[in-house]
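Participant:
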Amino acid sequence: KGVLYIVPTPIGNLQDMTFRAVDTLRTVHFIAAEDTRQTKKLLNHFDIHTPLVSYHEHNKEASGEKIIAALLEGKHVALVSDAGTPTISDPGYELVKGALNVNCKVIPLPGANAAVTALTASGLPTSHFYFYGFLPRHKKEKKKELEQLKHIKDTLIFYEAPHRLQETLAIMHHVFGNRKMVVARELTKRFEQFIRGTIEEVMHWAEHHEIRGEFCLLIEGNHVTLNDESVWWDHLTIVEHVNYY
Ligand code: SAM
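Per full-length UniProt numbering: the sequence shown ends with 257, consecutive numbering throughout.
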């Protein structure tokens, strides 16, 4: 039987591709990609000539069946998404389940992931964290989900789209109160930014800046400050990192 490899790809900086990822993408029979055109660019950059098939949110059933059939025929397959680690706020979970279900091996490669990258430099406690990913789009459901999270003591991590930032911050402020938080923007890219403050301060910042690019939101857990002094900042700070690649 074939093996399904879960292969992370960079979240902005091509240098974050691992040697093992390149090697794996070169040697599998084919690559299942969320967006084949996007992945084609990555393959060109690393001089990889492996055939691509499409596997995304809207064809995952039909495409998944074909991929499982190929695994059963002994073909090795690599799964990639547009950026970062497949299956993490990206397609792939059903494919992993399907492959395990027919007793194929699923081998994960470590690599780029926005949430963990943001957490490590956020300055918020890292010993326990709760990764949520994308909140529901609609206001009511968003609020309901946040209500469920408000008692959690661990650092909370969310993904959010730029045009929803302001509304999401307002709801977070309403549900969580004025906790400390971090916006990690454009991680690994040329102009990476960490914005640390309270939810109110970040709301104020967001009102006065054009919100562009990709970012993660990290919110301090409930009561973290009672006996933990690790949330150390007491005013808004905006730090820009210039990453070369
Ligand atoms: N699978 C990816 C991972 O492992 O991080 C996540 C994919 S999800 C569809 C895309 C979201 O991840 C973005 O909307 C943003 O919230 C976050 N993200 C991805 N790249 C990022 C970056 N370079 N900087 C900050 N956040 C990023």
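Built from N, CA and C at the ideal position, the CB exists for glycine as well.
Being a predicted model, the structure only gives us computed values, none of them experimental.
1. Run through the DSSP bridge pairs and tell me what Tyr142 is partnered with.
2. Return helix, strand or coil for Ile23, following the three-state DSSP convention.
3. To the nearest angstrom, report how far apart Lys13 and Pro63 are at their CA atoms.
4. Just the residues with CB closer than 5 Å to a heavy atom of the ligand SAM, in chain order, which are they?
5. Please work out which residues of its chain come closer than 7 Å, Cβ to Cβ, to Phe203, disregarding the five sequence neighbours upstream and downstream, and give them in chain order.
6. Reducing DSSP to helix, strand and coil, say where Ile223 ends up.
7. Considering just the uninterrupted stretch of the alpha helix (DSSP H) at Met193, what are its terminal residues?
8. Kindly provide the ranges of any beta strand (DSSP E) runs that are 3 or more residues long and lie completely inside the segment 118–163, ordered along the chain.
9. Since I believe Ile183 is in contact with Lys156 (beta carbons under 8 Å), could you give me their beta-carbon distance rounded to a whole number of angstroms?
10. Comparing C-alpha positions only, which one of Asp102, His163, His185 and Val19 sits nearest to Phe141?
11. Give the C-beta separation of Ala33 and Gly123 to the nearest angstrom, bearing in mind that I take them to be a contact with Cβ-Cβ under 8 Å.
12. By DSSP's criteria, Glu252 is part of a beta bridge. Which residues make up the other side?
13. List the residues that DSSP assigns as beta-bridge partners of Ala44.
14. List the residues that DSSP assigns as beta-bridge partners of Thr200.
15. Quick check on this structure: which residue in Val15, Leu16, Phe227 and His247 has the alpha carbon closest to the alpha carbon of Asn125?
16. Could you name the residues of the same chain whose beta carbon sits closer than 6 Å to that of Thr249, not counting the 5 residues immediately before and after it, in chain order?
17. So the beta strand (DSSP E) Ile18 belongs to, where does it begin and stop?
18. Is the beta carbon of Thr200 less than 8 Å from the beta carbon of Gly24?
19. What does DSSP give as the partner residues of Ile231 in its beta bridges?
20. For Leu181, count the other beta carbons within 10 Å of its own beta carbon; 16 or more makes it buried, fewer makes it exposed. Which is it?
21. Does DSSP put Thr51 in a helix, in a strand, or in coil?
22. Could you tell me whether the Cβ atoms of Leu136 and Thr167 are closer together than 8 Å?
23. Whole-angstrom Cβ separation of Val108 and Thr99, contact assumed at under 8 Å?
24. Can you name the residues that DSSP bridges to Gly96?
25. Could you check which residue in Gly225, Ile18 and Val243 has the C-alpha nearest to that of Ala90?
Facilitator: Judging by the given coordinates:
1. Translated into positions along the sequence shown, residue 142 becomes position 130. Looking at the DSSP assignment, Tyr142 forms a beta bridge with Leu168.
2. Here residue 23 is taken as the residue at index 11 of the sequence shown, counted from 1. Residue state, collapsed to three classes: coil.
3. Taking the sequence shown and counting its residues from 1, the one referred to as residue 13 is at position 1. Taking the sequence shown and counting its residues from 1, the one referred to as residue 63 is at position 51. In a straight line, the C-alpha of Lys13 is about 19 Å away from that of Pro63.
4. Ile23, Gly24, Gly96, Thr97, Ile100, Ser101, Asp102, Asn125, Ala126, Tyr171, Leu199, Glu226, Phe227 and Cys228
5. Here residue 203 is taken as the residue at index 191 of the sequence shown, counted from 1. Cβ neighbours of Phe203 beyond the five flanking positions: Glu252 and Val254.
6. Counted from its first residue, the sequence shown places residue 223 at position 211. Reduced to three states, the DSSP call for Ile223 is coil.
7. Translated into positions along the sequence shown, residue 193 becomes position 181. No alpha helix (DSSP H) contains Met193, which is instead part of the beta strand (DSSP E) from Lys192 to Arg197.
8. 141–146
9. Along the sequence shown, one-based indexing puts residue 156 at 144. Along the sequence shown, one-based indexing puts residue 183 at 171. With 8 Å as the limit, Lys156 and Ile183 do not qualify as a contact, their Cβ atoms being about 10 Å apart.
10. Along the sequence shown, one-based indexing puts residue 141 at 129. The option with the nearest alpha carbon to Phe141 is His163.
11. Along the sequence shown, read from residue 1 onward, the residue named residue 33 stands at position 21. Along the sequence shown, read from residue 1 onward, the residue named residue 123 stands at position 111. Right, their Cβ atoms sit about 6 Å apart.
12. Locating residue 252 in the sequence shown gives position 240, where the first residue counts as 1. In the DSSP output, where bridge partners are listed per residue, Glu252 has Gln205.
13. The residue you call residue 44 lines up with position 32 of the sequence shown. For Ala44, which the question treats as bridged, DSSP gives the partners Val65 and Leu91.
14. Within the sequence shown, numbered from 1, the residue matching residue 200 stands at position 188. According to DSSP, which records beta bridges pairwise, Thr200 is partnered with nothing at all.
15. Numbered from 1 along the sequence shown, position 113 holds the residue referred to as residue 125. Looking at the Cα atoms, Phe227 is the closest of the given residues.
16. Reading the sequence shown from its first residue, position 237 is the one you call residue 249. For Thr249, where only same-chain residues beyond five positions count, the Cβ hits under 6 Å are Arg208.
17. Against the sequence shown, residue 18 aligns to sequence position 6. Here the beta strand (DSSP E) through Ile18 covers Val15 to Ile18.
18. The count along the sequence shown starts at 1 and reaches residue 200 at position 188. The count along the sequence shown starts at 1 and reaches residue 24 at position 12. Yes. Within cutoff.
19. The count along the sequence shown starts at 1 and reaches residue 231 at position 219. For Ile231, which the question treats as bridged, DSSP gives the partners Leu168 and Met193.
20. Along the sequence shown, read from residue 1 onward, the residue named residue 181 stands at position 169. Label assigned to Leu181: buried.
21. Within the sequence shown, numbered from 1, the residue matching residue 51 stands at position 39. Three-state result, Thr51: helix.
22. Taking the sequence shown and counting its residues from 1, the one referred to as residue 136 is at position 124. Taking the sequence shown and counting its residues from 1, the one referred to as residue 167 is at position 155. Their beta carbons are under 8 Å apart, which means Leu136 touches Thr167 by this criterion.
23. Here residue 108 refers to the residue found at position 96 when the sequence shown is read from its first residue. Here residue 99 refers to the residue found at position 87 when the sequence shown is read from its first residue. About 6 Å; that satisfies the 8 Å criterion.
24. Counted from its first residue, the sequence shown places residue 96 at position 84. In the DSSP output, where bridge partners are listed per residue, Gly96 has Thr21.
25. The sequence position of residue 90 within the sequence shown is 78, counting from 1. Of Gly225, Ile18 and Val243, the residue nearest in Cα terms is Ile18.
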